Structures are given as C-alpha cells and as structure tokens.
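Peer 1:
Residue numbers (this note's numbering): 2 to 364.
1) Since residue 142 is in the alpha helix (DSSP H), which residue starts that stretch and which ends it?
2) Compute the Euclidean distance between the alpha carbons of residue 2 and residue 245, then round it to the nearest angstrom.
3) Which same chain residues, not among the five before or five after residue 52, have their C-beta less than 7 Å away from its C-beta?
4) To the nearest angstrom, how far is the alpha carbon of residue 10 from that of residue 64?
5) Residues in the same chain with beta-carbon distance under 7 Å from residue 344, minus the five sequence neighbours each way, listed in chain order, please.
6) Applying the 10 Å Cβ sphere with the 16-neighbour rule, what's the burial state of residue 100?
7) Do you know how far the Cα of residue 176 is from the Cα of residue 355?
8) According to DSSP, simplified to helix, strand and coil, what is residue 161?
9) What first and last residue would you give for the alpha helix (DSSP H) that runs through residue 227?
10) Quick test of the definition: if touching needs 3 or more C-beta pairs under 8 Å, does the region 79-90 touch the region 184-191?
11) Once DSSP output is grouped into helix, strand and coil, what is the label at residue 117?
12) Taking the alpha carbon of residue 185 as the point to measure from, which residue in 199, 165, 198 has its own alpha carbon closest?
13) Going by DSSP in three states, residue 306 sits in which element: helix, strand or coil?
14) Can you check DSSP and say which residues form a bridge with residue 246?
15) Could you tell me whether the region 53-61 touches the region 126-133, using the rule of 3 or more Cβ pairs below 8 Å?
16) When DSSP builds the beta bridges, which residues end up paired with residue 36?
17) Could you please give me the residues that DSSP links to residue 360 through a beta bridge?
18) My understanding is that residue 74 touches residue 220, with C-beta atoms under 8 Å, so please give their C-beta distance in whole angstroms.
19) Give the single residue among 303, 168, 205 whose Cα lies nearest to the Cα of residue 14.
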C-alpha cells in the first residue's frame with residue numbers, strides 16, 4: 002500500500018469520504034471518541050462528516066444527551082456516545098488518573114479532597130445541571146477553595162473519571178455538568194480483555210490503516226494493552242505493510258478509488274490529524290518547513306487535499322459574512338481550487354453565513 006492509498010483509506014474510514022453518517026451521534030459512535038478540548042472545533046469536526054448538518058445540530062445533540070463531552074482518553078476532553086461512556090471509563094480511567102497525578106499534586110488535590118469534592122458536586126447536581134462556576138461556588142461553600150492552581154478543573158476531571166458527572170445541556174454558549182446516572186442508564190460492564198478488543202477493533206475500523214503505536218497514542222493505553230487489544234480484535238481487522246511498518250484496518254471498509262480531488266478545511270485537533278502517533282504520511286517532505294513541529298499539524302487549521310496537508314486556513318466573521326482565507330504551500334491546480342471552494346461552501350453552510358473565500362499565493 003502506497004502512502005496516498007493509505008491516506009485515502011483513512012479519509013474513507015473516518016467518513017471524510019464516501020457514505021456519510023446522518024447524525025452527530027452516528028459520527029461520534031463510529032469514531033468512538035472525538036477530541037473536544039476546543040468545542041467549536043469539534044462541532045465542525047463532527048458536522049463535516051455528515052451531508053448538511055449545521056453547528057446548531059451538534060449543539061442540540063450535546064444538549065439532548067445523544068452525545069456527551071467528558072475526559073475519557075488521555076487527559077483531555079472527548080465527545081462520546083451514552084452507550085460507550087461507561088465501559089470506556091472503566092477501561093481508561095485508571096490510566097488517565099495516572100497521567101493526572103502530577104496535576105493533582107500541584108493543585109493540592111489528594112484522595113480525601115477528591116472524595117469530598119465528589120460528594121459536594123453530586124449533591125449540588127441533584128438539583129439539576131450546573132455550570133463549572135456554580136459548582137466552584139458549591140465547593141467553596143463546603144471549604145474547598147476551587148481557584149488554587151487550576152484545582153477546580155482537576156476536581157471536575159476526577160468526578161468525570163469516577164463516573165459521577167458528564168456533560169449537561171448547553172446554557173447558551175456555556176457548558177454545564179449533569180449527574181452521569183441521570184443521563185445514562187446503568188449498563189453491563191465489559192471485562193478488561195473484551196473492552197480492549199472492542200476499543201481496538203473500533204479504532205482500526207474508524208481510523209485505520211493505523212499502527213499499534215497509533216492506537217496506543219490515541220487511546221492513552223500502554224503498548225502492551227494496545228497490542229493485546231489489537232491481537233484479540235482479529236479477525237475483525239487485518240494487516241498490511243507500509244514502509245516496513247504493520248498497519249491494521251477493517252477488511253470490510255469501503256475501498257478508496259480514483260476520483261476527483263477532495264479538499265477538507267480541518268479544525269484544530271481533528272481526528273484525521275490528532276489520532277496518530279506518526280504523522281509523517283500527512284505532509285510532503287518538501288513542505289515540512291512550513292510546519293516543523295508535529296503540533297503544527299494538530300493545532301493549526303490545516304488544508305487537506307486528497308488526504309495530504311497542503312496548506313492552512315483561517316476564518317473571520319465580518320459584518321455577518323464568513324471570510325475564509327486559504328494559504329497553500331504550493332501552487333494549486335484548478336481542480337484543487339474547485340474542491341477547496343466546495344469545502345469552504347460546506348463550512349459556510351455549517352455556520353449558516355454567506356461566504357467570502359480568498360486563496361492567497363504560496364509563501
């Protein structure tokens with residue numbers, strides 16, 4: 002499998018090509034978890050994998066609980082579905098807690114404080130969803146100062162990892178918390194081996210072709226656990242060799258084929274860029290100087306044409322009009338420009354704004 006074939010397969014497995022899901026929950030369920038520390042970016046990450054959803058549709062899904070926002074993979078926010086949140090937390094929370102240990106110590110959070118915080122937060126939320134500020138006030142009233150060195154964030158992550166809280170409905174643009182037990186009904190627990198196999202199989206189905214190291218990075222699990230899960234996930238997955246590395250993918254996935262150029266205006270932390278430890282396939286070696294750090298590919302809005310990062314983009318909203326400015330690394334073909342125009346129009350429809358598109362010359 003050549004590099005470009007690998008990238009096209011990833012576009013299809015991630016539903017950036019091919020038959021799109023219909024709803025935000027369908028997208029999140031397929032991808033298993035969608036990174037979401039930047040919620041507006043994750044709204045677009047979800048919506049662009051559907052035919053015509055706007056940002057308000059993603060907001061509605063979060064507010065009605067068909068998708069949830071919590072800390073479940075690595076110490077960062079992700080969107081997940083209600084049917085996945087409990088077994089995933091049971092599998093991943095110990096690992097995330099271990100990664101959080103330094104932050105807990107720095108903010109003065111020990112086991113006793115976390116247990117007390119969980120009790121206070123649970124009692125407060127029995128009256129209904131609350132914002133983080135409101136929960137901070139409740140903690141302060143019970144003798145826990147929430148403002149010390151980001152303590153409130155660590156306490157709320159702890160409550161999420163302990164399956165006490167998850168996201169509640171949006172209050173305007175403010176996020177709220179709700180009691181997990183009031184949002185998600187109890188579900189049978191998966192044993193650890195089964196959970197590893199399920200997570201691995203679904204990752205390689207939705208993100209493949211990918212390596213075990215990629216899966217370990219995305220999940221936050223150890224290489225040993227990632228390997229165990231991948232091996233147990235067979236025969237749901239199969240392997241191929243690319244440049245001496247073993248890549249896993251779902252054999253039943255829709256195969257990539259030659260087609261007109263495709264373009265995507267990816268947000269920060271999109272699964273297409275963030276979900277892999279090795280991102281060398283994503284950008285041509287001749288363009289690496291434009292993005293010397295691997296974080297540049299993750300945290301800058303990148304322009305992707307035919308699966309490869311070929312530039313960056315930014316947006317501004319001026320007097321009710323969306324201005325999208327694209328800066329390619331190299332000269333673009335007419336067909337690539339047409340594909341970019343289509344992608345920009347899709348983004349404008351997502352925001353429900355008229356569009357002004359500018360394509361700048363390469364630097």
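Ideal Cβ positions, reconstructed from N, Cα and C, are used throughout, including at glycine. All of these numbers come straight from a predicted model, not from anything done at the bench.
Peer 2: On the basis of the data shown:
1) Counted from its first residue, the chain shown places residue 142 at position 141. Element bounds for residue 142: 133-142.
2) Residue mapping note: residue 2 aligns to position 1 of the chain shown, counting from 1. Residue mapping note: residue 245 aligns to position 244 of the chain shown, counting from 1. The straight-line gap from Cα to Cα measures roughly 11 Å.
3) Working through the chain shown from its first residue, we reach residue 52 at position 51. Hits under 7 Å: 21.
4) Position 9 of the chain shown, counting from 1, holds the residue named residue 10. Position 63 of the chain shown, counting from 1, holds the residue named residue 64. Residue 10 and residue 64: Cα-Cα distance of roughly 33 Å.
5) Indexing the chain shown from 1 puts residue 344 at position 343. Excluding residues within five positions, the ones whose Cβ falls inside 7 Å are 264, 265, 266.
6) Residue 100 sits at position 99 when you count from the first residue of the chain shown. With fewer than 16 Cβ atoms within 10 Å of its Cβ, residue 100 is classed as exposed.
7) Numbered from its first residue, the chain shown carries residue 355 at position 354. Numbered from its first residue, the chain shown carries residue 176 at position 175. Going by the C-alpha atoms only, they are around 28 Å apart.
8) The sequence position of residue 161 within the chain shown is 160, counting from 1. It is helical.
9) Taking the first residue of the chain shown as 1, we reach residue 227 at position 226. Start and end: 224-234.
10) yes
11) Here the question's residue 117 lines up with position 116 in the chain shown. Helix, per DSSP.
12) By 1-based counting over the chain shown, the position of residue 185 is 184. Taking only the C-alpha atoms, the option nearest residue 185 is 165.
13) By 1-based counting over the chain shown, the position of residue 306 is 305. Reduced to three states, the DSSP call for residue 306 is strand.
14) In the chain shown, residue 246 corresponds to position 245, counting from 1. Partner(s): 243.
15) no
16) Taking the chain shown and counting its residues from 1, the one referred to as residue 36 is at position 35. Bridge partners of residue 36: 79.
17) Indexing the chain shown from 1 puts residue 360 at position 359. In the DSSP output, where bridge partners are listed per residue, residue 360 has 327.
18) Numbered from 1 along the chain shown, position 73 holds the residue referred to as residue 74. Numbered from 1 along the chain shown, position 219 holds the residue referred to as residue 220. Yes, they are in contact, since the Cβ atoms of residue 74 and residue 220 sit about 6 Å apart, within 8 Å.
19) By 1-based counting over the chain shown, the position of residue 14 is 13. It is 205 whose Cα lies nearest to the Cα of residue 14.
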